[in-house]
Structures are given as C-alpha cells and as structure tokens.
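Asks: Residue numbers (numbering that gives the first Met the number 0): 0 to 624. Starting off with a structure, shown below.
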Amino acid sequence: MTIATTASNLRSESCSAIHPYVILSTYRLLVCQVCGFASVADEVATHLRTRHHDIQPQHRQDLVEKIKQMPDILRSRDELRRYLQYLTNTIQSIPYLAPPELDGLKCRAYSHIVHRVQKIQKHYAKKHQWINPRGRGRPAPNCHTSADELPWEEHIACQRFFPSGEGSKWFQVNTQAKGRADRSKVKSSTKKPQGTPHVLTSEVSAHLQQVIDREARYREALGQPRSTTNDTGTDTFAATSLWLDRTQWPSIYRGSRRDVLRALIRLPDRHSLDADYILGQGNSEGAPNFVSPREDEQKIACIMSALDLVIDRCEDTVRCTSQNLLCWLLSSRLQSCREVAFNLVAEKSSEIRYRRTQKQFLAFILRMYRMPGDCRRGVMDAKINPEISTQLDRIWEHTSWNYLDASKGTWPVMEKQGARLVGTHCGPMAGQSIDLALNTRACQGSDGKESAEDDEIDDENVEAWELEDDEDDEDAGSDYDDSGYYDDVEGNTAGTHQDLFSEDSGDSAFGQFLELLFQLCIMLSTEPFLNGQPSSTLLIYFSGILGFSTDCQRFQLARQYCTKPSAMIYVQRILFLEQALPLRGYQLIGIPQRQEARAFECLDEVRAKYMVLGSQYPLAELISL
0 MTIATTASNL
10 RSESCSAIHP
20 YVILSTYRLL
30 VCQVCGFASV
40 ADEVATHLRT
50 RHHDIQPQHR
60 QDLVEKIKQM
70 PDILRSRDEL
80 RRYLQYLTNT
90 IQSIPYLAPP
100 ELDGLKCRAY
110 SHIVHRVQKI
120 QKHYAKKHQW
130 INPRGRGRPA
140 PNCHTSADEL
150 PWEEHIACQR
160 FFPSGEGSKW
170 FQVNTQAKGR
180 ADRSKVKSST
190 KKPQGTPHVL
200 TSEVSAHLQQ
210 VIDREARYRE
220 ALGQPRSTTN
230 DTGTDTFAAT
240 SLWLDRTQWP
250 SIYRGSRRDV
260 LRALIRLPDR
270 HSLDADYILG
280 QGNSEGAPNF
290 VSPREDEQKI
300 ACIMSALDLV
310 IDRCEDTVRC
320 TSQNLLCWLL
330 SSRLQSCREV
340 AFNLVAEKSS
350 EIRYRRTQKQ
360 FLAFILRMYR
370 MPGDCRRGVM
380 DAKINPEIST
390 QLDRIWEHTS
400 WNYLDASKGT
410 WPVMEKQGAR
420 LVGTHCGPMA
430 GQSIDLALNT
440 RACQGSDGKE
450 SAEDDEIDDE
460 NVEAWELEDD
470 EDDEDAGSDY
480 DDSGYYDDVE
490 GNTAGTHQDL
500 FSEDSGDSAF
510 GQFLELLFQL
520 CIMLSTEPFL
530 NGQPSSTLLI
540 YFSGILGFST
550 DCQRFQLARQ
560 YCTKPSAMIY
570 VQRILFLEQA
580 LPLRGYQLIG
590 IPQRQEARAF
600 ECLDEVRAKY
610 MVLGSQYPLA
620 ELISL
C-alpha cells in the first residue's frame, strides 16, 4: 500500500460509536484520540483494558466487536509490516496523533529520523562511513562541535503512528500551518468576555508567589554552566514533589558525582574495547579523570554476554513451571495468588530491554568493585558488603578467564555434547510430568496471549509498548544498549547455551563460572536493608540512577520513570523462581533440582522472605514504587 504524502489527501472518520478511536482511512489505521497513538485492530482490547479503566468492561467488549467488523483497517502487526509504508516527504501534521516532536535528527541523504544523537551517529557510521571526531567518554576540554559541522539536520518536527515496534519510525511534518492556526485561535480567544475575577486570599497569593519563585530558581539553575555534576540542592522546583519525597533521591545522591554514576551503568562497547573508558573528569582541577581500564571493560563485556546464558536458563525454568505456581510468583501478597500467571514477555524488543537493565546493574556493580576505594568515595556514598565483594573476587579471578580471549568481549557458546537434556515439566494437572527437550526458546506457549485477554490484567502485564522507554522506541527491535552499542543477545543465546550447565560439562570452568554469576545475581537481589533504608542495597541505589535526567541535573517524573522498575521486577521474579525451583540443579553452589512434591513450599519460602510487600529486601521496594 502506498501512503499519500499530502495533508489534502488525508481522510479521517470520527464516530462516537467507536470513541475514543477515530479511523485514519488513508492509512487504514485506528488512532486513540486520548493517547495520540495508533492501534491495529487485534490490540484494541488490550489497549482499552490497560489504558482506559474508565470504560466499562461491557462497553469495551462492544467496542472491540464493532471494530472487528470494520472493513479495510490493518488488523495485525504482520499486516502493518506488509502494508504500511513510511512517509518520505514532509506533510502537514496528522490530526489525532500526538503533537509533533521538535527535536528530531534527520539524515540528509535518507528520510531516516531519530531522537537520540547516538542513533544518528550509528546510522551515519554504518551507512555513510562517518567517523566521530571525538572518542568515548566525556568530551575533552575545549572540544566543541558546531551545528554547521554536523552531517545531519537538527530540530526536525516529526510524528509517528506507534510508540514502539512496527510503525514507530518518525516522519517529518510541517508545523507552520498548525502554528498559525494556534496563534489565530489564541488571538480570537482573547476577545471572548471574561468572567468576574476571583479575589485571592493572602494565603493563596503567598503560595502562588512561592511556586513562581521556585520555578524561577529552577530555570536559573538549568542555565548554569557545570564541569561536573554534583548536588544541585533541594530547593529547586524539581526537588519539591511527593514523588521525590517518596524516593528520597535528592538526599541519597547529595554530593555524588551523578555524571560518573550515569557513566558507570553504560554497557561496554565491544567495538571499542581496545581503549580505556573515561567515566568522567576529576573532582578538582588537575585531578586525574575517572577511568575504567580497557582490560576491565573487556572482562565486563564478557560477563554481560555470560549473563544472557544465566537468564536463558531462568527462562527455561519459567516455561516448565505450572500456571498455578506462576500465579503465586506474580503475587506480591503473602496469603493470596494472582488470577493471572506470570508470563515471559512476548516481544523481542521488551526481552532485550529487560535484559539490558539487568546488564546495566551488573556493569555498575563490576565497575564499582574495580574502582579504588578513594575514587569510589569521591563519587558515591555506597558500599559493597564483604560477602558480595568476596563473590566478585571469585568471578573476577576465576580460572575460566584462562580459556577465553577476553579482548573479544564475548562469552563462548559450547557445542552440544552427549545425550539430549531433559527436564521435568509441571503440567496443568497435578502430578503430570513429561520429558521436555530444554532447547525450547521457540516454545513460549500461548499463555502470554491468553492472559492478555483476561479482564483482570494489571500494570505488570500490559501491552509491550507501555513497558518501553519512549525515547528508544523508534528502534525497539534493535539490539543495543542505552549508549547505542550492540549487546549481541542473539549471538550468545542461540542453539546450545544450556550445554554449559549440563552434567557432561557441569565441572567445567565455564559451567562453574555461570553458576557463580547466578549466585551473584541472587546475592544482590537478597541484600537486606540496613537500618530499614532501602537505598543501602546496591539494587535500589542503582534503580535511582536510572531516574537521573539526561543532563544529570534533575530527576525524572514518576510517569517517566515507571518503566524502569518494571524491567527490574521482571528479572527479579525469574531469578527467585530459579533459586526456589530450578529445572536443573546447581552442583557448585549447592542448589538441588526441584522436587515436584514440595514445589509450592519451596517457592513460598522464597516468596515470604524476599518477594511480598513489607519485606526488607529490594524487590518489595521496587514493587511499592
């Protein structure tokens, strides 16, 4: 299908019978007027259930049935992939979609538009052999690049149909006509008769003046130059909300080098492992920069790759666990389970995003562990407890490093040896057991789809695009981290990952290493609060770093931040399930294979201690945010 590229050809059909939707006939798309994004017909039910709680269930069902009977609209992501062609010419902004963004970055040769500088840099490096004149890390002093020197266009007005996945690419729009209309509307509105003004009391006037003063100080702070990012104070407008009172971020990170903390959580760039990674400038003039040596970055990149194998094993356990136990796994209450079961995410982009968050956490821990003590104290007020430090020593100095080339930044995938691996699958009926080949990454059942049809679905099982960061959605299918570098999830999870844990290779150095890495993840997840302070744990401390604004001067709002704990909660749950009911035992760290007779008791023991609201461990704090 060829999409028209002029606003004059745009046809839309608005009908109260399908409110809040309107049909963009030209594009064969349904657009939610409230949310400002399109939906394919198959996703209408999920969207209404998760985003529009004010619509009664019966009305939602009637609306879904009406839309199913409508002809000539795109019904699935597959049809979207085949028939939707992205706009290449500039058009007028499309009504009903979210207002145009004005900070797009556009390739001068192609109609490729993104929002992040790292993404346009990656595009130019791949398509145009462009070489970034500056290296990794913070820019060198007196190193400035003017807008005239950039090969791409900036400040492009753009819209998109979907916030993630297929149809989420940006296209350029012209906002001038809309701007004139808006100005005309504002001008005409001033001619309307005004109501009688209300007389403000002295208390209200004083309160408004305080708000105005805080806003003025906040705006003034934004314009102040900085060489490092430390405490910005607690009297700014951004630090006077109930959200920040709840998280306590201003006090937790007071005096910390937020720019360095942000650099600590970036994933290694496997294409630049031959150079040191500059974390930030020194704390004072003439002080050396904070640097992560290239040798450390190479090892960290390998461990990121190995973590995929650990998570793969956890996901295999989820697939072979009964629905009843997965309902208990999803519950954060001690005495009651959920009506819907925990499910592995169906979208590949969501899986990559969730794994990436866990990798960021692990990269933060490893770089923090490798930092000299005096440097660490100059950056943050956080400590690694002795047990975790000892575990990190075992991983960092493990004999497996003698058998691989760390400079490549990847973990080896051993070829399959010996007999087929089998495990025990707990079916829907109690006591039912079947032998199941464990190479079942493609066997993710229909549970995810079925649970999506349950009217009791909640924030923990929502459509994929709601769990993703809007800033990253135009390339949601791409596999790279927040700095625009590749993770290579596919390359390290394909084929024979489970053989590293098999009995034939269980005593191998690589198998032992992966068991130690899993044990480290559990130790970080079960770190107790000190003096009742959640931020005393490394996981909660890391979670706050994800809430930094791009310039590290402010903190994100609750609605901007809410997707971050979703990823962490998801990974914590599969780790705890693996700890309680592993499909295969862990010989080195002493966790036996699950026993069907006591499956619920084993899971409930872990749940009661670490996973329910009110427990003094990180997962409960993440759920309560």
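C-beta atoms are modelled at their ideal positions from N, C-alpha and C, and glycine is treated no differently.
1) Please report the straight-line C-alpha distance between Q334 and W327, rounded to a whole angstrom.
2) Thinking C-beta only, is M522 closer than 8 angstroms to Q357?
3) Are R375 and D295 touching if we call contact CB-CB under 8 angstroms?
4) Alpha carbon to alpha carbon, what distance is there between F517 and L9?
5) Whole angstroms is fine: what's the gap from A619's alpha carbon to S388's?
6) Report, in whole angstroms, the separation of the C-beta atoms of L101 and H58, which I expect to be a contact under 8 angstroms.
7) Which partner residues of I155 appear in the DSSP bridge assignment?
8) Measure the CB-CB distance between Q158 and S204 and report whether it falls below 8 angstroms.
9) Exposed or buried, what is K184 when buried is set at 16 or more other beta-carbons lying within 10 Å of its beta-carbon?
10) Distance check for D373 and I383, CA to CA, integer angstroms please.
11) Within 10 angstroms of its Cβ, does S163 collect 16 or more other Cβ (buried), or is it exposed?
12) So who's on the other strand from S38, going by DSSP bridges?
13) Taking the continuous beta strand (DSSP E) assigned at F289, which residues delimit it?
14) With H, G and I counted as helix, E and B as strand and the rest as coil, what does DSSP make of S432?
15) Do I544 and I351 have their beta-carbon atoms positioned less than 8 angstroms apart in this structure?
16) Who are V113's beta bridge partners in DSSP?
17) I'd like the ranges of any beta strand (DSSP E) spanning at least 3 consecutive residues and lying wholly in the stretch 284-331.
18) Give me the Cα-Cα distance between L587 and S330, rounded to the nearest whole angstrom.
19) Quick one, which of I90, K65 and E152 has its alpha-carbon nearest R107's?
20) In terms of DSSP beta bridges, what is Y585 paired with?
21) Is it the case that the stretch 587-597 contacts the stretch 562-574, given that we only count it when at least three CB pairs across the two stretches are under 8 angstroms?
22) With which residues is G279 paired in a DSSP beta bridge?
23) Can you give the Cα-Cα distance for S548 and D258, rounded to whole angstroms?
24) If the criterion is Cβ atoms closer than 8 angstroms, does the pair S524 and L582 meet it?
25) Would you tell me roughly how many angstroms separate the C-alpha atoms of D268 and V116, rounded to the nearest one?
26) Between the alpha carbons of V309 and Y26, how many angstroms are there, rounded?
27) For a test of the three-state rule: what should DSSP assign to Y252, helix, strand or coil?
28) Can you name the residues that DSSP bridges to Y20?
29) Specify the secondary structure class of L339 as computed by DSSP and reduced to three states.
30) Under 8 angstroms between the Cβ atoms of C31 and Y20?
31) Measure the Cβ-Cβ separation of A345 and L325 and say whether it is below 8 angstroms.
32) Report the rounded CA-to-CA distance for R393 versus A508, giving the unit in angstroms.
33) Relative to the C-alpha of P411, which candidate in D550, L513 and Y353 has its C-alpha closest?
34) Which stretch, first to last residue, makes up the beta strand (DSSP E) that contains V172?
35) Rounded to the nearest angstrom, what separates P527 and A362 at their Cα positions?
36) Residues in its own chain within less than 7 angstroms of A37 by CB, not counting five upstream and five downstream?
Replies: Let's see:
1) For this step, residue 334 is matched to residue 335 along the sequence shown. For this step, residue 327 is matched to residue 328 along the sequence shown. Spanning the alpha carbons of Q334 and W327 requires a straight line of approximately 9 angstroms.
2) On the sequence shown, residue 357 is found 358 positions in, with the first residue counted as 1. On the sequence shown, residue 522 is found 523 positions in, with the first residue counted as 1. Going by C-beta atoms, Q357 is not nearer than 8 angstroms to M522.
3) The residue you call residue 375 lines up with position 376 of the sequence shown. The residue you call residue 295 lines up with position 296 of the sequence shown. Cβ distance not < 8 angstroms, so R375 and D295 don't count as in contact.
4) The count along the sequence shown starts at 1 and reaches residue 9 at position 10. The count along the sequence shown starts at 1 and reaches residue 517 at position 518. Bear in mind that the predicted position of L9 carries a pLDDT of just 48, short of 50, making it unreliable; the figure below should be weighed with that in mind. The straight-line gap from Cα to Cα measures roughly 54 angstroms.
5) Locating residue 619 in the sequence shown gives position 620, where the first residue counts as 1. Locating residue 388 in the sequence shown gives position 389, where the first residue counts as 1. Cα to Cα, the separation comes out at about 24 angstroms.
6) Translated into positions along the sequence shown, residue 101 becomes position 102. Translated into positions along the sequence shown, residue 58 becomes position 59. So it is not a contact: roughly 37 angstroms between Cβ atoms.
7) As a working mapping, residue 155 is identified with position 156 in the sequence shown. According to DSSP, which records beta bridges pairwise, I155 is partnered with G103.
8) Working through the sequence shown from its first residue, we reach residue 158 at position 159. Working through the sequence shown from its first residue, we reach residue 204 at position 205. No, these two residues do not count as a Cβ contact at 8 angstroms.
9) Looking up residue 184 in the sequence shown gives position 185. Any reading at K184 must be qualified, since the residue scores a pLDDT of 47, below 50, and its modelled position is unreliable; the value itself is stated next. With fewer than 16 other Cβ atoms from the protein chains shown falling within 10 Å of its own Cβ, K184 counts as exposed.
10) Mapped onto the sequence shown, residue 383 falls at position 384. Mapped onto the sequence shown, residue 373 falls at position 374. Near 14 angstroms, if we compare the C-alpha coordinates of D373 and I383.
11) Against the sequence shown, residue 163 aligns to sequence position 164. Looking at its Cβ environment, which holds 16 or more other Cβ atoms inside 10 Å, S163 is buried.
12) Residue numbering aside, residue 38 sits at position 39 when the sequence shown is read from its first letter. Beta-bridge pairing links S38 to L29.
13) The sequence position of residue 289 within the sequence shown is 290, counting from 1. Note, F289: beta strand (DSSP E), F289 to S291.
14) Against the sequence shown, residue 432 aligns to sequence position 433. Residue placement at S432 is flagged as unreliable, the pLDDT there being 39, under the threshold of 50; the coordinate-derived value follows with that caveat. Three-state DSSP puts S432 in a strand.
15) Translated into positions along the sequence shown, residue 351 becomes position 352. Translated into positions along the sequence shown, residue 544 becomes position 545. Against a cut-off of 8 angstroms, the Cβ pair of I544 and I351 comes out as no contact.
16) Counted from its first residue, the sequence shown places residue 113 at position 114. Note: V113 sits in a beta bridge opposite L104.
17) Taken in chain order, the whole beta strand (DSSP E) runs of length 3 or more contained in the stretch 284-331 are 289-291.
18) To locate residue 587, count along the sequence shown from 1; it is residue 588. To locate residue 330, count along the sequence shown from 1; it is residue 331. Their backbone Cα atoms lie some 31 angstroms apart in a straight line.
19) Position 108 of the sequence shown, counted from the first residue, corresponds to residue 107. The shortest C-alpha separation from R107 is found at E152.
20) As a working mapping, residue 585 is identified with position 586 in the sequence shown. When beta bridges are read from the DSSP output, Y585 appears opposite I590.
21) Short answer: they don't touch.
22) Indexing the sequence shown from 1 puts residue 279 at position 280. The bridge partners DSSP lists for G279 are F289.
23) As a position in the sequence shown, residue 548 is number 549, starting the count at 1. As a position in the sequence shown, residue 258 is number 259, starting the count at 1. So the alpha carbons of these two residues sit roughly 10 angstroms apart.
24) In the sequence shown, residue 524 corresponds to position 525, counting from 1. In the sequence shown, residue 582 corresponds to position 583, counting from 1. The Cβ-Cβ distance between S524 and L582 does not fall below 8 angstroms.
25) Along the sequence shown, one-based indexing puts residue 268 at 269. Along the sequence shown, one-based indexing puts residue 116 at 117. CA-CA distance, D268 to V116, rounds to 16 angstroms.
26) What you label residue 309 is simply residue 310 of the sequence shown in a count that begins at 1. What you label residue 26 is simply residue 27 of the sequence shown in a count that begins at 1. About 43 angstroms.
27) Translated into positions along the sequence shown, residue 252 becomes position 253. If DSSP states are grouped into helix, strand and coil, Y252 belongs with coil.
28) Taking the sequence shown and counting its residues from 1, the one referred to as residue 20 is at position 21. Looking at the DSSP output, Y20 shares a beta bridge with C31.
29) On the sequence shown, residue 339 is found 340 positions in, with the first residue counted as 1. Checking the sequence, you will find Val at residue 339 rather than Leu. Here V339 sits in coil by DSSP.
30) Here residue 31 corresponds to residue number 32 of the sequence shown, with the count starting at 1. Here residue 20 corresponds to residue number 21 of the sequence shown, with the count starting at 1. The answer is yes: Cβ separation under 8 angstroms.
31) Within the sequence shown, the letter at position 346 stands for residue 345. Within the sequence shown, the letter at position 326 stands for residue 325. It is not a contact, given that the beta carbons lie outside the stated cut-off.
32) Against the sequence shown, residue 393 aligns to sequence position 394. Against the sequence shown, residue 508 aligns to sequence position 509. Each residue's alpha carbon lies about 12 angstroms from the other.
33) Position 412 of the sequence shown, counted from the start, is the residue given in the question as residue 411. Minimum Cα distance to P411 is reached at L513.
34) Within the sequence shown, residue 172 is the residue found at index 173, counting from 1. Its beta strand (DSSP E) spans residues F170 to N173.
35) Along the sequence shown, read from residue 1 onward, the residue named residue 527 stands at position 528. Along the sequence shown, read from residue 1 onward, the residue named residue 362 stands at position 363. C-alpha separation (whole angstroms): 21 angstroms.
36) In the sequence shown, counting from the first residue as 1, residue 37 sits at position 38. Answer for A37: L28, L29, V30, F160, F161 and G166, listed in chain order.
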